[in-house]
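Asks: Submitted below is the structure of interest, expressed as structure tokens.
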Amino acid sequence: MSESAAVLRERVARGDERAADVVERTLARIRAREPVVGALFEVHAERARACAAELDAARAAGRPPGALHGVPLVLKANMCLAGVETNCGSRILAGWRAPYTATFVERALAAGAIPIATAHMDEFAMGSSGENSAFGVARNPWDPTRSPGGSSSGCAAAVAAGMVPLALGSDTGGSVRQPAAFCGLAGFKPTWGRVSRYGLVAFGSSLDQVSPLARDVRDLELALSVLAGRDERDATTLAEDAPKREEGADLAGLRVGVPHEFFPEALEPDARVRVESALEVLVGLGARLVPLSLPLVPHSLATYYVVATAEASSNLARFDGVRYGPRVEGDGTLAGMMAATRTRGFGDEVKRRILLGTYVLSSGYRSAWYRRAQRVRDALSADFARAFEEVDVLAGPTSPGPAFRLGERSADPLAMYAADVLTVPASLAGLPAVSVPCGLVERDGRALPVGLQLIGPRRADARVLRVARVFQDASEHHLAAPPLPGAVA
Amino acid sequence: MKGWEVVIGLETHCQLGTRTKLFCPCPSSFGSPPNENACPVCSGQPGVLPVLNAEALALGVRAGLALGCSIAAESRFDRKNYFYCDLPKGFQTTQYAQPFALGGGIELTNGRRVRLARIHLEEDAGKAIHDRGERTLVDLNRAGVPLIEIVTEPDLRSSAEAHECLTLLREVLVYAGVSDCDMEKGSLRCDVNVSVRRPGEDLRVRVELKNLNSFRHVVLAIEHEVARQIRAYEGGEPVVQETRLFDAASGATRTMRRKEDEDDYRYFPEPDLPPARVDAAFLARERARIPELPAARRARYVSELGLSAYDAGVLTGQRALSDFFEATVALSGTDAAKRVANWVTNDLRAATDDPALAGTSPAALARLIELVEGGRISTGAGRQVLKELLRAGGDPDELVASLGLAQVSDEADIEAWCRAALAGRDSVVAAVRAGDLKALGAVIGPVMKASGGRANPAVVRETLLRLIGSA
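Protein chains in written order, with numbering that gives the first Met the number 0: chain A, 0 to 488; chain B, 0 to 470.
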């Protein structure tokens, strides 16, 4: 088991290890484990070495180390770092090097993080398995025949394989929480507006959030303290500083709402058992369980697939072959060039969602689809707000089951969409939500992790993370590690 | 035309005079080399987000207040989705469902009021250039430049009314400092909706006219379109709803696209921008920045300064001229207003659009008028001084001295010039003695010429009459 970002940062900041050595150690781990998990699109070895040299020089010059000093970081392929290929897992952006750096990446860099690799992902973050990538399909370190989840598939696989302690993914409808659950990691989607989206290539703008993945909840708190806060370049960021970490080793007096809609028929029985025991652990820590109902939750999935696809159909319009990305000339007309470029550049799932989004916004259908979905979304948010008058957090499973097999659902979009059923409600309401490991189940003789999801009211990011941390420390499920070849210290 | 009523509505796009674009810090200036004013945001790079330029909202609100609109406390942005090579994001960010200004209107001189439906903020697209070789080129300097679109109700009834409405609209926007409204630079663009009907009927099918690059084109296009529609109806043909392009060369309009070919814009709320909020302090600040508007100035010039409606109109036609006039009157006194108006509307206006920029000042003009009125220099000499002021600046008194323009009233000099002029002009002398004073003109000319234009004409006339009488 490799060390957490917090522990690593302390060691490098104290001078017990140089950032340069951390980088070499990390590169060695990547070399050993990447053949098994196939998590990464590109390793930035030279850039990381240069970055580490600067950090070591800065430390030697007596400059105070940042909160992520010396921590190697994996970025999802939809995050802009100037000069680095940011292809979003799509042929339509193959070879596109970002001309600027995302605000949250700048903040990570300023805090001393070392971006060491770009991870595979479902194309434009559309997918729940990582299979919709034009460049490579990551595998789950717990069982390489299974999916690490998606769309932040490579990020989750890289952290679970122990390559790095921390990765930045993006979560639109569960794209960090579900991979975290599948890979036995902690994954946190902040309140919408908490972290700047400037430089995150948009999928569903009103849902997207940059979301860290780590083995230890403390690393999520650390990442949030660095990434969060108002950004002049993102008008939708909250006008407040990063939330302060909440201390406390127990959950005395905490009211945990348990919506029965979070335990649907489709929830696999052994996964249900793990989640229910997790709830008992919370009770053991002083929490009180409050059964309740969120009647609109069953409508979340349909609502999500209207809102997210509508926004995506517009967000992806800019990929037209005019300014960047590989162009296909087609019949030589402008419309022909655009159509040919997009036909060749986008994969099937992206095309499916663009069509769906275009349809729900079309004149004559907008009221029945897009506007109705917005109304359900508003009502769902109101349901959550009412629930949070009675309870402090909500708890339930992150996913209906553990990691499924690669290929198992790729021919059936609706089965794939169903993987998001428990994560999209918090996304629609813009709420902070975390997935933490809550035990293992067995499939085909392999142990597979299951995730507990905790959801808080808007802006209660620190509370959600505290509950997750206290649970993690008490349960120690996060210490379970997948069987991996090429163990490197 | 007989038996038909013309119905016209205007959709005017006006570029706001902000330093930067609507959603990014790029300069919104005109005339830079292609794609110089483009950044990741306005060129639609993946991952970028818009941030509203507060100055653009302020100028828009000011325009709305100046046009009598009610300003929404909260307005929202929407995405208008369509594909074109000059549209970097594949959508235009505009205000569709909740514009920042509603209502308002413009009073025509015939007393009719043209109601405004709305004013909204939006970004401009880039420019596609098709005439430089085989491939279309795209210049994104204009992409993201802030515009307001001002939409009237279909209240106009003739091309002349449309022309006046646009003129008044432009005046207000320029006075309020909202825009330079320069059609040549494209900072004012107008689309026109035209239909005709029998009086008393409901509205018939309308046609939208585009590519109108001057007010004159607006008038010509409307007239052509009205005639076309009437001809169609009278010939038993329907008029179809469509967008037509005006061709300045032929003066005709031709079909650009039919209604059924129009894009479905798939409007939906822009998730990347919070609502634009305008509070009472914001409103008060912008209201205070609106100067007296041209219509009010015109009325005051007529009622308080005794100017003719024509002069008042000429003066207020250009804000710089009007401001210069007012500053001069402040120094010369309201009694001199008519004389100041004459100098400004005749001599200054012929020379410059903006006298303050041309090197002269209200103080200099006031002094110049004083010199002429006091008989120190002739009107002609005054014109010469003004020319010099506009050319190189300076002080009117010094210019009078250095150019040797001081009027001569010395009787001895004048008498000598008069005697010389009368010599050999016995017929003039006889005519004057016979009571024909007009004949005097024939000798006044030579006297003025001999004096180099400096002789005081009143003294010359007096002297001539004396000499003829005493001969």
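We treat Cβ as the ideally placed atom computed from N, Cα and C, and that holds for glycine.
Can you give me the Cβ contacts of glutamate 17/A inside the same chain, cut-off strictly under 6 Å, excluding the 5 residues immediately before and after it?
Replies: Reading the first sequence from its first residue, position 18 is the one you call residue 17/A. Note that residue 17/A is arginine in the sequence shown here, rather than glutamate. Counting only Cβ-Cβ distances below 6 Å, and skipping sequence neighbours, we find Asp55.
Asks: Buried or exposed: where does serine 249/B fall if 16 or more other Cβ atoms within 10 Å of its Cβ makes it buried?
Replies: The sequence position of residue 249/B within the second sequence is 250, counting from 1. It is exposed - the Cβ of serine 249/B has fewer than 16 other Cβ atoms within 10 Å.
Asks: DSSP three-state call for alanine 488/A: helix, strand or coil?
Replies: Taking the first sequence and counting its residues from 1, one reaches residue 488/A at position 489. Confidence at alanine 488/A is low in this model, with a pLDDT of 39, below 50, so the placement of that residue should be treated as unreliable; the coordinate-derived value is given next. Coil.
Asks: Can you give the Cα-Cα distance for alanine 62/B and glutamate 10/B, rounded to whole angstroms?
Replies: Locating residue 62/B in the second sequence gives position 63, counting from the first residue. Locating residue 10/B in the second sequence gives position 11, counting from the first residue. Cα-Cα distance, rounded: 15 Å.
Asks: Residues of the stretch 42-62 of chain B with a CB closer than 9 Å to any CB of chain A: list them in chain order, please.
Replies: Of all residues in the stretch 42-62 of chain B, Ser42, Gly43, Gln44, Pro45, Gly46, Val47, Leu48, Pro49, Val50 and Leu51 have a Cβ within less than 9 Å of some Cβ in chain A.
Asks: Using a C-beta to C-beta distance shorter than 8 Å, which residues of chain A count as neighbours of aspartate 181/B?
Replies: For this step, residue 181/B is matched to residue 182 along the second sequence. Those within 8 Å of aspartate 181/B in chain A number zero; the least Cβ separation is about 29 Å.
Asks: For the beta strand (DSSP E) containing arginine 318/B, name the first residue and the last one.
Replies: Start at 1 with the first residue of the second sequence, and residue 318/B comes out as number 319. Element bounds for arginine 318/B: not the beta strand (DSSP E) but the alpha helix (DSSP H), 318-331.
Asks: Near alanine 100/B, what residues of its chain come up, given a Cβ to Cβ distance below 6 Å and the 5 sequence neighbours on each side ignored?
Replies: Looking up residue 100/B in the second sequence gives position 101. The residues are Gly63, Cys68, Ile70 and Ile118.
Asks: Among the residues of its own chain, which have a CB less than 8 Å from the CB of alanine 473/A, if the five just before and after it don't count?
Replies: By one-based count along the first sequence, residue 473/A stands at place 474. If we look at alanine 473/A and ignore the five residues flanking it on each side, its Cβ neighbours are Val280, Gly283 and Leu284.
Asks: By the 7 Å beta-carbon criterion, what residues does the stretch 86-97 of chain B contribute toward chain A?
Replies: So the close ones are Pro87, Lys88, Gly89 and Phe90.
Asks: I need the straight-line Cα distance from lysine 209/B to asparagine 314/A, nearest angstrom please.
Replies: Looking up residue 209/B in the second sequence gives position 210. Looking up residue 314/A in the first sequence gives position 315. Cα to Cα, lysine 209/B sits roughly 29 Å from asparagine 314/A.
Asks: Using a cut-off of 8 Å between C-beta atoms, extract the partners of proline 39/B located in chain A.
Replies: Here residue 39/B is taken as the residue at index 40 of the second sequence, counted from 1. Simply Pro98 and Tyr99.
Asks: Could you tell me whether any Cβ in chain B is nearer than 7 Å to the Cβ of glycine 198/A?
Replies: Here residue 198/A corresponds to residue number 199 of the first sequence, with the count starting at 1. Taking Cβ atoms only, chain B reaches closer than 7 Å to glycine 198/A, which makes this a yes.
Asks: Take glutamate 475/A as the anchor and find which of Leu219/A, Ala185/A, Val423/A and Arg90/A has the nearest alpha-carbon.
Replies: Looking up residue 475/A in the first sequence gives position 476. The residue with the shortest Cα to Cα distance from glutamate 475/A is Ala185/A.
Asks: Give a yes or no on whether the C-beta atoms belonging to alanine 307/A and leucine 206/A are separated by under 7 Å.
Replies: Position 308 of the first sequence, counted from the first residue, corresponds to residue 307/A. Position 207 of the first sequence, counted from the first residue, corresponds to residue 206/A. Yes.
Asks: Considering just the uninterrupted stretch of the alpha helix (DSSP H) at methionine 337/A, what are its terminal residues?
Replies: By 1-based counting over the first sequence, the position of residue 337/A is 338. It spans 333-344 - the alpha helix (DSSP H) in which methionine 337/A sits, taken as one unbroken run.
Asks: Please report how far the alpha carbon of glutamate 259/B lies from the alpha carbon of lysine 1/B, in whole angstroms.
Replies: Position 260 of the second sequence, counted from the first residue, corresponds to residue 259/B. Position 2 of the second sequence, counted from the first residue, corresponds to residue 1/B. About 32 Å.
Asks: CA-CA distance, arginine 287/A and glycine 43/B?
Replies: As a position in the first sequence, residue 287/A is number 288, starting the count at 1. As a position in the second sequence, residue 43/B is number 44, starting the count at 1. Answer to the nearest angstrom: the Cα atoms are 50 Å apart.
Asks: What are the residues in the stretch 119-152 of chain B lying within 8 Å of chain A by C-beta distance?
Replies: If the cut-off is 8 Å between Cβ atoms, the stretch 119-152 of chain B has Thr135 and Val137 near chain A.
Asks: Ignore the nearest five residues each way along the sequence and tell me which others in valine 327/A's own chain have a CB closer than 8 Å to its CB.
Replies: Residue numbering aside, residue 327/A sits at position 328 when the first sequence is read from its first letter. Cβ neighbours of valine 327/A beyond the five flanking positions: Gly320, Met336, Ala339, Thr340, Thr342, Arg343 and Gly344.
Asks: Using a Cβ cut-off of 9 Å, pull out every chain A residue sitting near asparagine 80/B, in sequence order please.
Replies: Indexing the second sequence from 1 puts residue 80/B at position 81. Here the neighbours are Ser312, Ser313, Ala316, Thr357 and Leu360.
Asks: Could you tell me whether any Cβ in chain A is nearer than 7 Å to the Cβ of proline 32/B?
Replies: Sequence index remark: in the second sequence, residue 32/B carries index 33 (1-based). Not an interface residue.
Asks: Any chance you could list the beta strand (DSSP E) runs of at least 3 consecutive residues sitting entirely within the stretch 279-363 of chain A, in chain order?
Replies: Taking only runs of at least 3 residues, the beta strand (DSSP E) segments lying wholly in the stretch 279-363 of chain A are 287-291.
Asks: Please state the DSSP three-state secondary structure of isoleucine 149/B.
Replies: By one-based count along the second sequence, residue 149/B stands at place 150. Three-state result, isoleucine 149/B: strand.
Asks: According to DSSP, simplified to helix, strand and coil, what is glycine 379/B?
Replies: In the second sequence, the residue the question calls residue 379/B occupies position 380. Helix at glycine 379/B.
Asks: Using a Cβ-Cβ distance under 7 Å, would cysteine 154/A count as near chain B?
Replies: The count along the first sequence starts at 1 and reaches residue 154/A at position 155. So, not an interface residue.
Asks: Can you list, in chain order, the residues of its chain whose CB lies under 7 Å from that of alanine 4/A, leaving out five sequence neighbours each side?
Replies: As a first step, residue 4/A is located in the first sequence; it is residue number 5 there, counting from the start. These residues qualify, in order along the chain: Leu67, Val70, Pro164, Leu165, Ala213, Asp218 and Leu221.
Asks: Please identify, using Cβ separations under 9 Å, the residues of the stretch 272-297 of chain B that lie next to chain A, in order along the chain.
Replies: Cβ contacts with chain A: Leu272 and Pro273.
Asks: Along the chain, where does the alpha helix (DSSP H) containing alanine 446/A start, and where does it finish?
Replies: The sequence position of residue 446/A within the first sequence is 447, counting from 1. From DSSP, alanine 446/A is part of no alpha helix (DSSP H) but of the beta strand (DSSP E) over 445-454.
Asks: Need the endpoints of the beta strand (DSSP E) that aspartate 472/A sits in, please.
Replies: The sequence position of residue 472/A within the first sequence is 473, counting from 1. That residue, aspartate 472/A, is in no beta strand (DSSP E); its alpha helix (DSSP H) goes 460-474.
Asks: Alpha carbon to alpha carbon, how far is histidine 119/A from valine 177/B?
Replies: Counted from its first residue, the first sequence places residue 119/A at position 120. Counted from its first residue, the second sequence places residue 177/B at position 178. Between histidine 119/A and valine 177/B, the C-alpha separation is close to 49 Å.
Asks: Assuming arginine 138/A and valine 36/A are in contact, meaning their beta carbons sit under 8 Å apart, how far apart are those beta carbons, in whole angstroms?
Replies: Counted from its first residue, the first sequence places residue 138/A at position 139. Counted from its first residue, the first sequence places residue 36/A at position 37. Contact flag correct, Cβ pair sits at about 5 Å.
Asks: Of all the CB atoms in chain A, is at least one closer than 7 Å to the CB of arginine 265/B?
Replies: Numbered from its first residue, the second sequence carries residue 265/B at position 266. With 7 Å as the cut-off, arginine 265/B counts as an interface residue toward chain A.
Asks: If you compare alpha carbons, which of Val371/B, Ala438/B, Gly103/B and Phe267/B is closest to alanine 96/B?
Replies: For the purposes of this step, residue 96/B is identified with residue 97 of the second sequence, where counting begins at 1. It is Phe267/B.
Asks: Figure out for me which residue from Pro456/A, Leu483/A and Thr117/A has the closest Cα to the Cα of arginine 385/A.
Replies: Position 386 of the first sequence holds residue 385/A. Ranking Pro456/A, Leu483/A and Thr117/A by Cα distance to arginine 385/A puts Pro456/A first.
Asks: With distances taken between CB atoms, is the gap from threonine 242/B to glycine 8/B smaller than 7 Å?
Replies: Against the second sequence, residue 242/B aligns to sequence position 243. Against the second sequence, residue 8/B aligns to sequence position 9. Not in contact: threonine 242/B and glycine 8/B (Cβ atoms no closer than 7 Å).
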